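Residues 1 to 471 in my numbering are what the sequence shown lists, from first letter to last. Glycine included, each C-beta is placed from N, C-alpha and C at the ideal position. No experiment lies behind these values; they were computed from the predicted model shown.
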Amino acid sequence: MSGDATDIRFASAERTSVAASGQVSVEDEFVRTHRASQHLYEQQARIVPGGVTHSSRIFDPFPLFIRSSHGSHKHDVDGHEYVDYWMGHGANLLGHGHPAVIEAVTRQSSLGFHGGGENETALRWAEAVCDLVPSAEKVRFCASGGEATQMAIRVARAFTGRDKIVKFQYHFHGWHDAVAHAIVPPFEKEWSSGVSRTLGANTLVVPFNDLETITQLLANDDGIAGVILEPAGGNNDTIPVDIHFLRGLREITRSRGVLLIFDEVVTGFRYSPGGAQQYFGVAPDLTTLGKILGGGLPAGALAGRADVMDVLAPRSPGDESRAYVPHHGTWNGAPMAAAAGLATLRLIQDGRLVKMATDRADQLRDGLNGVFARHGVAGIAYGRSSIWKTYLGDPPRLLSGDVSRADEESRMLRTAWGPLAGIVRQCMILNGVDTIGTGGFVSVAHDDEDIERTVVAFDGTIQRLGGYGLL
Numbered sequence: 001m002s003g004d005a006t007d008i009r010f011a012s013a014e015r016t017s018v019a020a021s022g023q024v025s026v027e028d029e030f031v032r033t034h035r036a037s038q039h040l041y042e043q044q045a046r047i048v049p050g051g052v053t054h055s056s057r058i059f060d061p062f063p064l065f066i067r068s069s070h071g072s073h074k075h076d077v078d079g080h081e082y083v084d085y086w087m088g089h090g091a092n093l094l095g096h097g098h099p100a101v102i103e104a105v106t107r108q109s110s111l112g113f114h115g116g117g118e119n120e121t122a123l124r125w126a127e128a129v130c131d132l133v134p135s136a137e138k139v140r141f142c143a144s145g146g147e148a149t150q151m152a153i154r155v156a157r158a159f160t161g162r163d164k165i166v167k168f169q170y171h172f173h174g175w176h177d178a179v180a181h182a183i184v185p186p187f188e189k190e191w192s193s194g195v196s197r198t199l200g201a202n203t204l205v206v207p208f209n210d211l212e213t214i215t216q217l218l219a220n221d222d223g224i225a226g227v228i229l230e231p232a233g234g235n236n237d238t239i240p241v242d243i244h245f246l247r248g249l250r251e252i253t254r255s256r257g258v259l260l261i262f263d264e265v266v267t268g269f270r271y272s273p274g275g276a277q278q279y280f281g282v283a284p285d286l287t288t289l290g291k292i293l294g295g296g297l298p299a300g301a302l303a304g305r306a307d308v309m310d311v312l313a314p315r316s317p318g319d320e321s322r323a324y325v326p327h328h329g330t331w332n333g334a335p336m337a338a339a340a341g342l343a344t345l346r347l348i349q350d351g352r353l354v355k356m357a358t359d360r361a362d363q364l365r366d367g368l369n370g371v372f373a374r375h376g377v378a379g380i381a382y383g384r385s386s387i388w389k390t391y392l393g394d395p396p397r398l399l400s401g402d403v404s405r406a407d408e409e410s411r412m413l414r415t416a417w418g419p420l421a422g423i424v425r426q427c428m429i430l431n432g433v434d435t436i437g438t439g440g441f442v443s444v445a446h447d448d449e450d451i452e453r454t455v456v457a458f459d460g461t462i463q464r465l466g467g468y469g470l471l
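Quick look at the structure:
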């Protein structure tokens, strides 16, 4: 995904190989068939830095511009239709424009977008969150998952009276200063310019799936307020968690009085109606939510233990007996997001639709693994719930629960297809399937035909790469 030096070198190698064979290169075909997207990108690049509104949409030679999306499909401005695995960056578990969500949003829009006060829909939305998420005794809404992790860290510091936060290598919790560290290697280098070194000094980074290291750290440092992680795995489930590590982490944080924060922005309501914490049977002290929470509209939330969450409750004038975190935000519990989110949570609460999406993802993973096997190419499609990933090469042992080489294999999983990643997505797009890099999200709306079409597209992609001598 994204034009780093390795992608550029690959593009050159691919062009050389293609020229020798007399074939049209994948990139040339992509450009030729997406002129409208190219034109809009060139316009946007003049006024929007980098030409994109989200860094993960950076794509060489230019990103797709999407005109419409319905169910499991979307259409770009050039008129091409795709089976979509972006699904609103994972927000649309029910698919694009589920009728119940459209109806709820339409009904609310007739009543007003924002009344500048509290609203009953957000109250029912909060009740639904607390009913579904095992650790949620109280909840506070915000406008995004990144805001939710920012609030979680401040609440943890306020409640404990400590300053330090621990995060894990490869785990992503938003782009704010406290967590903008060790997201991609090399970890000793800052992920982003402009990150405050002062704030960064209070963020401790440790290897993932390494219980010994985190245990020693917590035993030797009594200034740690909380530990935050993606509970199912780092980098959006790319690097899966070891369940023994997760359980051990819960025990050690509890014994040291350190708050355990699950970032369930991605996994919330997807692994199960109660998220990854219900799936694994491990309850944190605080949970951050986003994506599916808003039913396709912008939303985030922090939920957790009542005593911890109550630092967000106002205190009487002059009362300094307890900590207090003021929390403002125009879009907190906004009526439109509440309507979409409530409709979504009511639909998934019995678990039937969550299982349906997971079953479809299992079907897709089986089909993609069949392609690897038929072509004799070392690789694997993997993942839990309705998130799927692909990896080129012999499957790392970490995928089968062996963490003995976790550090090395985490890096391998993070790079996945290496310099081939961009061309793989181009090939899939040319075959009518749009993926997030070399993976994606399956929704309730995906059906047998979508899965078959995806497997056929992947088969064609492997054949094409093989024909160029790149596999």
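Per-residue burial, residue i [other beta carbons within 10 Å of its own, 16 or more giving buried]
i      : result
TYR468 : buried
ILE47  : exposed
GLN216 : exposed
PHE113 : exposed
GLU264 : buried
ALA178 : buried
HIS181 : buried
LEU413 : buried
GLU409 : buried
VAL24  : exposed
ASP76  : buried
ASN235 : buried
ASP402 : exposed
ASP394 : exposed
Contacts around residue i, its chain only, beta-carbon distance under 7 Å, and the 5 residues preceding and following it disregarded
i      : result
VAL105 : MET336, ALA339 and ALA340
HIS327 : ARG140, MET151 and LEU312
VAL101 : LEU94, GLY295, GLY296, ALA340, ALA343 and THR344
ARG157 : ASP163 and ALA225
Residue i: first and last residue of the uninterrupted beta strand (DSSP E) it sits in
i      : result
VAL179 : Run containing VAL179: none; DSSP gives neither H nor E here.
GLY139 : The question names Gly, but residue 139 in the sequence shown is Val. Counting along the chain, the beta strand (DSSP E) containing VAL139 begins and ends at 138 to 142.
GLU81  : 81 to 84
PHE172 : Taken as a continuous stretch (DSSP letters only), PHE172 belongs to no beta strand (DSSP E), as it is neither H nor E.
Sequence-distant residues of the same chain with beta carbon closer than 6 Å to residue i, five excluded per side
i      : result
GLY431 : Before going on, a small fix: residue 431 reads as Asn here, not Gly. Excluding residues within five positions, the ones whose Cβ falls inside 6 Å are ALA457 and GLY460.
PRO231 : PHE262 and ALA276
GLN278 : PRO134 and SER272
ARG360 : VAL442 and HIS446
LEU470 : none
ALA126 : VAL139
GLY214 : Note that residue 214 corresponds to Ile in the displayed sequence, not to Gly. Excluding residues within five positions, the ones whose Cβ falls inside 6 Å are VAL206.
GLN108 : PRO335, MET336 and ALA339
Start and end residues, alpha helix (DSSP H) containing residue i
i      : result
LEU471 : No alpha helix (DSSP H) holds LEU471; DSSP gives it neither H nor E.
GLY275 : 275 to 280
ILE102 : 99 to 111
VAL155 : 145 to 160
ILE348 : 335 to 348
ARG124 : 120 to 132
ASP28  : 26 to 32
Identity of the residues DSSP links to residue i by a beta bridge
i      : result
ARG445 : For clarity, residue 445 is Ala in the given sequence; the question names Arg instead. Per DSSP, none; premise fails for ALA445.
THR288 : ASP263 and LEU302
HIS114 : Paired residues: none, contrary to the question.
ILE165 : THR203 and GLY226
Contacting residues, own chain, Cβ-Cβ under 8 Å from residue i (five flanking each side not counted)
i      : result
ILE451 : ARG360, GLN363, LEU364 and GLY367
HIS176 : GLY146, THR149 and GLN150
- Query: Unbroken beta strand (DSSP E) runs of length 3 or more, entirely within the stretch 359 to 431: which are they?
  - Reply: 379 to 382 and 387 to 392
- Item | Length-filtered (4 minimum) alpha helix (DSSP H) runs lying within the stretch 34 to 74 | 35 to 47
- Kindly provide the ranges of any alpha helix (DSSP H) runs that are 4 or more residues long and lie completely inside the stretch 196 to 267, ordered along the chain. 197 to 200, 211 to 220, 234 to 237 and 243 to 256
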